[in-house]
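Only one structure is covered here, and it is reproduced in the block below.
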């Protein structure tokens, strides 16, 4: 496949943007990415979004966003629940690789916080199996709680063993001006947080948020000495059963494994070369499962990396969630995958200040839709 | 762009499938397309759907459908309101053209009829501008009624002048076993039909429906003497303002014009070579506007083609809606674009019996999302 590079990025703060429409949020990120790339236009727009139909009474979002930014060309929305952002990036990459277009704007956008909380809970549950899971009355957090409980039982972990994931994300978010929860937390705060769906408490769960993140992509071979360009060296996508009960085990993210293997092979990169990992810590159990599926820990041993300080910036083997992750940067669901990409570009450009991974050359980003049903993995490196 | 061919098609009847889930409908069309192509698998699945989140409490539909058909690879949903089906086809084509995959299943699927009618009306309205149109209390039919009323005023047409569009679609649907309303209607029935949103009456408006239509696509150059293969010779997509009031005129479908021009240029085909046109007659006014934007009539003169019998099979200049169109085959919104493609393949293979366009070599299909905000045009021809 023709190689692709990111030449511009933009993002809004993840926040409660009650005064702003979803198209306005997308527009801010898009215009910022155009300015960052010093370009005025693109050939097509690909948007990732999950909930605009349910929470904003707005479908046809591709046309809505194109209209807002004054564009009349091709513009479509891709939806794969919480992995919509990374799915949109893949759609944009593939379109450029096909030769049909020579530049694309990819934007992930979501607006969730000014709807009624019960509506948001119901809307998020549509990422799971409506016919065979939701039918039983379980929420999306509830499904993840079942996985976490089984994991703790199977491998002998205590709830407190997951604390490092949450503490690490919050510590990193404290330095990210775009984070939803830009503050560090203590282990005591983690342990005493309000229970949501046992064993998942408020500090195991990522917050909802409103926000947009965008990247302008072009063919790598069209660049002439752009020192800030970042290559998308590998991209992989895979699916797994939508119902967790249909899997051989609920404790292994097979689609994470398959999509990561595709991305590693495409990039020709080994695990040792990866300098940081923007993973999908929607819940702390997902951080553990992602680390395992991607090869950084044995099955059942993900929490060990946190306990051994291996996930910290400039200290551990594999820094994760360097800008706060879903847990503390926030999780505007359909936008999250593009926040991971934008933050990876910031790291590779060396623009992260206090949370800069020194000498970072290769980054991994993994975006999960549903409880592992749709997973997309990207590898970014300095072009 | 690498050339693409359709080697298998499948469809369900458009019907009130109250006993069947959305994944089951998609699966029926997919398995039929696999069997038709004599293949057992594909490299990726692209689904077009608009309303599963709102009416089935099911997002992440790409993963849901992949799961149902036993597939673990890449599977995503594309949404562009009522043009989701054609958007999915373009996504599949582009993915093959990129070299990332060598075969794709494209399926359009929708399940609408066992939700409360008021919920369906609200859901369909999400194709329009939530912030600046729906806010005023207008429904989607209401928006089209405003366009039709203005069109009649501007060009001097009477309501009865639109009758041929409805009569033609119904007459053709009578021979299509998969049609939702497989019966002819009289001009009297048209004129006396229940008013919905003046001047649009029940016979100007397409019915909702449940259904799925699928096509298996591969690179054209991978085929060796497949006599039934149909080439996708041209594909174009464009957008227009989401709000109708933002357009220079509400009476010209600019995105239809732009996407058709792209498709014509890509296919290297002139208007005279087109043997039939599967157009998006969601409302009879849209049939007139599509014919005009695609070059078959002057602006304001679309109804003339109907009155002069130019839209009839084996009689007129440009037969339209040969299997019943949206009006009578039915309009399961996110699936419609793929029904148009599947029916075009049936015509080009010469499998249409009573409604066969004799000697058909080239077909045009145009799918509209919103009241002209997202439009995709495809040209198919015998490979």
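Protein chains in written order, with the working numbering: chain A, 195 to 577; chain B, 195 to 577.
Every residue, glycine too, gets a C-beta built ideally from N, C-alpha and C.
Bear in mind the structure is a predicted one, so any value in this text is a computation, not a measurement.
Can you name the residues that DSSP bridges to residue i?
i: residue 413(B); result: 198(B)
i: residue 306(B); result: Note: residue 306(B) sits in no beta bridge, so no partner.
i: residue 572(A); result: 429(A), 559(A)
i: residue 135(B); result: Only positions 195 to 577 of chain B appear in the structure, and residue 135(B) is not among them; the question remains open.
i: residue 285(B); result: BP columns for residue 285(B) are empty, so no partner.
i: residue 442(A); result: Beta-bridge pairing links residue 442(A) to no other residue.
i: residue 514(A); result: 471(A)
i: residue 298(B); result: 238(B), 411(B)
i: residue 268(B); result: 238(B)
i: residue 273(A); result: 271(B)
i: residue 406(A); result: 303(A)
i: residue 477(B); result: 399(B)
i: residue 203(A); result: 409(A)
Can you tell me which of the three DSSP states residue i falls into?
i: residue 564(B); result: coil
i: residue 208(A); result: coil
i: residue 333(A); result: coil
i: residue 259(B); result: helix
i: residue 423(B); result: coil
i: residue 525(A); result: coil
i: residue 542(B); result: helix
i: residue 347(A); result: helix
i: residue 363(B); result: helix
i: residue 373(B); result: coil
i: residue 551(B); result: coil
i: residue 352(B); result: coil
i: residue 494(A); result: coil
i: residue 229(B); result: helix
i: residue 520(A); result: helix
i: residue 447(A); result: coil
i: residue 534(A); result: helix
i: residue 485(B); result: helix
With distances taken Cα to Cα, identify the nearest neighbour of residue i among the options.
i: residue 263(A); options: 288(A), 225(A), 367(A); result: 225(A)
i: residue 518(B); options: 281(B), 334(B), 358(B), 453(B); result: 358(B)
i: residue 368(A); options: 204(A), 522(A), 209(A); result: 522(A)
i: residue 241(B); options: 254(B), 289(B), 298(B), 302(B); result: 302(B)
i: residue 426(B); options: 418(B), 374(B), 412(B); result: 412(B)
i: residue 355(B); options: 372(B), 277(B), 481(B), 319(B); result: 481(B)
i: residue 558(A); options: 489(A), 410(A), 568(A); result: 489(A)
i: residue 580(A); options: 464(A), 375(A), 556(A); result: In the structure displayed, chain A extends from 195 to 577; residue 580(A) sits before or after that span and is not available.
i: residue 456(A); options: 569(A), 237(A), 202(A); result: 569(A)
i: residue 418(B); options: 239(B), 577(B), 567(B); result: 577(B)
i: residue 195(B); options: 403(A), 463(A), 296(A), 201(A); result: 296(A)
i: residue 385(B); options: 373(B), 360(B), 372(B); result: 360(B)
i: residue 202(B); options: 208(B), 210(B), 230(B); result: 230(B)
i: residue 476(A); options: 321(A), 259(A), 348(A), 544(A); result: 321(A)
i: residue 432(A); options: 366(A), 562(A), 529(A), 335(A); result: 562(A)
i: residue 424(B); options: 573(B), 267(B), 447(B); result: 573(B)
i: residue 257(A); options: 403(B), 438(B), 270(B); result: 438(B)
i: residue 306(B); options: 251(B), 344(B), 366(B); result: 251(B)
Count the other CB atoms, across all protein chains shown, that sit within 10 Å of the CB of residue i; report buried if there are 16 or more and exposed otherwise.
i: residue 330(B); result: exposed
i: residue 389(A); result: exposed
i: residue 273(B); result: buried
i: residue 327(B); result: buried
i: residue 351(A); result: buried
i: residue 310(A); result: exposed
i: residue 243(B); result: buried
i: residue 234(B); result: exposed
i: residue 509(B); result: exposed
i: residue 392(A); result: exposed
i: residue 275(A); result: buried
i: residue 513(A); result: buried
i: residue 347(B); result: exposed
i: residue 407(A); result: buried
How about residue i: is its Cβ closer than 7 Å to a heavy atom in the ligand NAD?
i: residue 229(B); result: With respect to the ligand NAD, the structure offers nothing, as it holds no ligand at all.
Decide if the region 493 to 504 of chain A is in contact with the region 547 to 560 of chain A; the criterion is three or more beta carbon pairs, one per stretch, under 8 Å apart.
These segments do not touch.
At least three beta-carbon pairs within less than 8 Å, the region 531 to 538 of chain B to the region 391 to 401 of chain B
With fewer than three CB-CB distances shorter than 8 Å, the region 531 to 538 of chain B does not count as touching the region 391 to 401 of chain B.
Below 8 Å, can you find three or more Cβ-Cβ pairs linking the region 211 to 227 of chain A to the region 312 to 325 of chain A?
Pairwise C-beta distances place the region 211 to 227 of chain A out of contact with the region 312 to 325 of chain A, as fewer than three of them are shorter than 8 Å.
Flag this pair as touching only if the region 278 to 291 of chain A and the region 452 to 461 of chain B have three or more C-beta atom pairs under 8 Å; answer yes or no.
The region 278 to 291 of chain A vs the region 452 to 461 of chain B: no contact.
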